[in-house]
Structures are given as structure tokens and as C-alpha cells.
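Trainee:
2 protein chains.
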Amino acid sequence: MGMAWMFFSIDADGDIPIYEQIVRQVKLAVADGILVGGQMVPSVRQLASDLAINSNTIARAYQELQSDHVLEPLRGRGMVVRRDAIKRCTKARNSLVAESVRRALADALAGGMTTAELRELFEAELDRQSARIEKAKHVSGNGNA
Amino acid sequence: MGMAWMFFSIDADGDIPIYEQIVRQVKLAVADGILVGGQMVPSVRQLASDLAINSNTIARAYQELQSDHVLEPLRGRGMVVRRDAIKRCTKARNSLVAESVRRALADALAGGMTTAELRELFEAELDRQSARIEKAKHVSGNGNA
DNA sequence: GCCGCTGTACCATGACACAGGTACACCGAA
DNA sequence: TTCGGTGTACCTGTGTCATGGTACAGCGGC
Numbered sequence: 000m001g002m003a004w005m006f007f008s009i010d011a012d013g014d015i016p017i018y019e020q021i022v023r024q025v026k027l028a029v030a031d032g033i034l035v036g037g038q039m040v041p042s043v044r045q046l047a048s049d050l051a052i053n054s055n056t057i058a059r060a061y062q063e064l065q066s067d068h069v070l071e072p073l074r075g076r077g078m079v080v081r082r083d084a085i086k087r088c089t090k091a092r093n094s095l096v097a098e099s100v101r102r103a104l105a106d107a108l109a110g111g112m113t114t115a116e117l118r119e120l121f122e123a124e125l126d127r128q129s130a131r132i133e134k135a136k137h138v139s140g141n142g143n144a
Numbered sequence: 000m001g002m003a004w005m006f007f008s009i010d011a012d013g014d015i016p017i018y019e020q021i022v023r024q025v026k027l028a029v030a031d032g033i034l035v036g037g038q039m040v041p042s043v044r045q046l047a048s049d050l051a052i053n054s055n056t057i058a059r060a061y062q063e064l065q066s067d068h069v070l071e072p073l074r075g076r077g078m079v080v081r082r083d084a085i086k087r088c089t090k091a092r093n094s095l096v097a098e099s100v101r102r103a104l105a106d107a108l109a110g111g112m113t114t115a116e117l118r119e120l121f122e123a124e125l126d127r128q129s130a131r132i133e134k135a136k137h138v139s140g141n142g143n144a
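Chains A and B are the protein sequences, given in the same order.
Position 73 (the first sequence) corresponds to 72 in this note's numbering; numbering is contiguous.
Position 125 (the second sequence) corresponds to 124 in this note's numbering; numbering is contiguous.
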């Protein structure tokens with residue numbers, strides 16, 4: 000049955016390739032602990048059906064995740080999250096975020112934005128999004144307990 | 000003569016289109032005050048020659064800058080920075096930085112990064128880059144004063 | 001064994017963006 | 001006018017992305 004993976008949000012019209020969005024969200028889910036080592040991921044065709052996306056696109060994402068040692072293939076049964084994936088994914092997350100922050104600051108300073116403006120913008124957005132996260136946690140409660 | 004525009008840094012192998020890099024850097028330069036209203040920008044072929052890039056790529060960037068009301072064409076003479084460009088460019092810079100920060104925070108929080116880690120990363124990178132800026136200002140001195 | 005599931009490997013197609021190349025219309029100065 | 005400069009429009013080639021279709025090999029349950 001599907002629907003256990005509805006936390007995937009795909010933006011087909013965005014500037015990021017679909018398969019890349021899958022890769023990112025899987026890695027972030029592993030880093031966050033939503034996906035645990037040893038856990039099975041939905042089949043290529045299943046996820047393709049749920050997201051209304053071609054199977055080949057999902058397969059490409061899974062291949063990249065396999066190359067990055069996040070997923071492991073169980074011949075004939077499916078793909079499973081590797082036990083040591085959380086370390087790699089946490090590291091990947093840190094690199095991803097660091098790079099984003101680095102670029103944002105580079106653009107800001109190149110454009111003459113002051114450090115005060117920058118801190119204010121950062122704190123405001125952090126408050127907004129962290130509040131959003133807290134509220135989401137509150138709403139979902141314990142869905143599987 | 001060229002070389003007055005060598006502060007442009009183009010990464011042809013990056014994931015950002017070349018014309019987009021031109022657009023961004025021009026806007027940031029205007030927002031920072033490096034490019035002033037009424038000032039002429041180098042010709043399409045001149046800049047293309049300096050950066051070893053096709054003229055059409057520069058032309059496309061200039062067209063986008065014209066559409067965004069940053070540059071103004073002087074038929075047969077070249078392109079000039081509009082007087083009211085700095086307002087638009089500052090606003091565009093704020094939007095650009097805000098969007099980058101927004102995405103970075105979204106990825107970080109989705110990956111389970113704590114606000115403390117996030118603040119630490121932000122402050123560290125801010126210190127590093129702002130120090131870099133200060134040093135660059137010190138080296139260049141006052142070139143136009 | 002047989003069948004249904006799994007991932008995987010191909011090939012072909014259409015759409016789109018990017019960059020390069022060529023040619024044209026316009027303006028200013030000699 | 002002639003010439004060199006300007007921006008601009010059109011065409012082409014290339015690469016990526018997403019899709020669709022087909023086929024193969026391995027595993028599990030019947």
C-alpha cells in the first residue's frame with residue numbers, strides 16, 4: 000500500500016530535476032531519522048505510481064542513492080537503507096546547508112548588505128521556519144504509536 | 000580598453016547559466032554602488048572578448064537587465080545604467096538573499112539540524128566572509144577617492 | 001515448476017535551455 | 001557617404017531531463 004510516503008513533495012515545474020529532488024529528500028529523511036537503517040524503501044514502480052512519475056525517473060534517483068551508499072539493493076526484493084547511511088547523510092546535509100549558506104552570504108556581501116541586515120534576515124526566517132516545524136510536530140503527534 | 004571589469008568572475012562549468020551570472024553580478028554591483036546610474040557598461044563584444052564568451056550570451060544578459068529596468072539602450076552607442084536602478088537592484092538583492100536563506104534553512108530543518116548548529120554555521124561563515132571583505136577593502140584602498 | 005514481484009539495462013522520442021555563429025539595422029565620426 | 005562601432009534577430013548544434021516502451025535476471029510464495 001502507498002500513502003506511507005506522502006511526505007515527499009515533488010515540484011515538477013521547479014528548476015531542480017525530479018530525480019534530484021528524490022535523492023535530496025531521501026537523504027534528508029535519513030539524516031533526520033525518519034528513514035532508519037534496514038528499512039525498506041518503496042519499489043520503483045510503487046513510488047512512481049504514487050507520485051505520478053515515470054518509473055525510470057525513480058530508478059535514476061535510486062541508482063544515485065545506491066552510488067552514494069545510502070541505499071542497498073536486495074536482489075528481487077527491493078531496496079533497503081544501509082545501516083551506515085545516517086552518518087553519510089548527516090555529513091551530506093551539513094555540506095549541502097553549508098554550501099547554501101556560503102552562497103547566500105557571498106551574494107549578500109557582494110551586494111553591499113550589512114552584517115546587521117543579514118543577521119536580522121537570518122533570525123527572522125529561522126524563527127518562522129522553526130515555529131512551522133514545531134507546529135507540524137504538534138499536529139502529527141505520534142502517528143505510529 | 001578592457002580590464003576595468005575584471006571583477007566579473009564567470010564559472011562556465013557551474014550549474015548557473017553564464018548569462019545568469021552576468022545578470023546577478025551586474026545587479027549586485029549596482030546594489031553595492033560599484034556601478035552608478037548613468038554609467039556606461041562595456042559593449043557586448045568587448046565584454047565577450049574580455050571574458051572569452053560568445054557575444055550572444057552577453058547580449059542575452061543585457062536583454063534581461065533591460066527587461067528588469069536596470070540597463071537602458073542608447074541606440075548605436077551602448078548600454079547605460081538607469082538612474083533608478085539602485086532601488087530595484089537593492090530590492091532584487093534582498094529577495095535573492097532571502098530566498099537563498101529560506102532554502103538553506105528549509106533543507107537544514109528538514110534534515111534534523113538543530114537551530115544551535117545552524118546559528119553556529121551561519122556565524123562562522125559570516126565571520127569568515129566578512130573578514131575576507133574587510134581585507135579586500137583594505138588592499139584596494141580608495142581607488143576612486 | 002510457475003507466476004508475480006523486484007531492480008536493471010537498453011533504445012527512442014519530445015521538450016527545453018544554453019551557447020555559439022551569422023547576418024541585419026542603427027548611430028556617430030571621419 | 002563610408003566605416004567602425006553598437007544592439008538585436010534568426011538559425012543551429014549540443015546536452016539534459018522526463019517520458020514511454022521493451023526486455024532481462026533474480027527472488028519469494030503459490
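Think of the CB as a built atom: it goes at the ideal place given N, C-alpha and C, for glycine as much as any other residue.
A quick note: this is a predicted structure, and the numbers were derived from the prediction, not measured.
Jot down the residue ranges of each uninterrupted beta strand (DSSP E) in the stretch 34-73 of chain A, minimum 3 residues, whole runs only, in chain order.
Mentor: With a minimum length of 3 residues, the continuous beta strand (DSSP E) runs that stay inside the stretch 34-73 of chain A are 70-73.
Trainee: I'd like the span of the alpha helix (DSSP H) that includes Asp106 of chain B, first residue to last.
Mentor: Unbroken alpha helix (DSSP H) run through Asp106 of chain B: Ala84 to Ala109.
Trainee: Rounded to whole angstroms, what's the CA-CA distance from Met39 of chain A to Gly77 of chain A? Just pull it up for me.
Mentor: Taking the straight line from one Cα to the other gives about 7 angstroms.
Trainee: State the CB to CB distance for the pair Val199 of chain B and Val80 of chain B, rounded to an integer number of angstroms; the pair is presumed to be in contact (CB under 8 angstroms).
Mentor: As displayed, chain B neither begins before 0 nor continues past 144, which places residue 199 of chain B out of reach and without an answer.
Trainee: For Leu117 of chain A, return the contacting residues in chain B, with the cut-off set at a CB-CB distance below 8 angstroms.
Mentor: Those are Val96 and Leu125, listed as they occur along chain B.
Trainee: Could you spell out the range, first to last residue, of the beta strand (DSSP E) harbouring Gly77 of chain A?
Mentor: Unbroken beta strand (DSSP E) run through Gly77 of chain A: Gly77 to Val80.
Trainee: Using a Cβ cut-off of 8 angstroms, which residues of the stretch 29-40 of chain B contact any Cβ in chain A, in chain order?
Mentor: Against chain A - using a Cβ distance shorter than 8 angstroms - the residues of the stretch 29-40 of chain B are Ala30, Asp31 and Gly32.
Trainee: In three-state terms, what does DSSP make of Ala145 of chain A?
Mentor: Past the boundaries of the shown model lies residue 145 of chain A; chain A is included only from 0 to 144, so the question cannot be answered.
Trainee: Which value, in whole angstroms, describes the spacing of the CA atoms of Ile9 of chain A and Gln24 of chain A?
Mentor: Each residue's Cα considered, the two are about 10 angstroms apart.
Trainee: To the nearest angstrom, report how far apart Glu19 of chain A and Arg74 of chain B are at their CA atoms.
Mentor: Looking at the two C-alpha atoms, the distance is approximately 44 angstroms.
Trainee: Which residues of chain A have a Cβ atom closer than 7 angstroms to the Cβ of Gly75 of chain B, listed in chain order?
Mentor: Near Gly75 of chain B there are no residues of chain A at all, since even the closest Cβ is about 32 angstroms away, more than 7 angstroms.
Trainee: Going by DSSP, what residue range makes up the alpha helix (DSSP H) through Ala28 of chain B?
Mentor: From DSSP, the alpha helix (DSSP H) with Ala28 of chain B extends over Ile17 to Asp31.
Trainee: To the nearest angstrom, how far is it from the Cα of Arg102 of chain A to the Cα of Asp83 of chain A?
Mentor: Cα to Cα, Arg102 of chain A sits roughly 29 angstroms from Asp83 of chain A.
Trainee: State the DSSP-derived secondary structure class of Ala11 of chain A, mapped to helix, strand or coil.
Mentor: Residue state, collapsed to three classes: coil.
Trainee: Quick one: which chain B residues come within Cβ less than 8 angstroms of Arg102 of chain A?
Mentor: Residues of chain B passing the Cβ test: Ser99.
Trainee: Taking buried to mean at least 16 other C-beta atoms within 10 Å of its own C-beta, is Asn143 of chain B buried or exposed?
Mentor: The predicted model places Asn143 of chain B with a pLDDT of 44, which falls under 50 and marks its position as unreliable; any figure quoted below should be read in that light. Under this definition Asn143 of chain B is an exposed residue.
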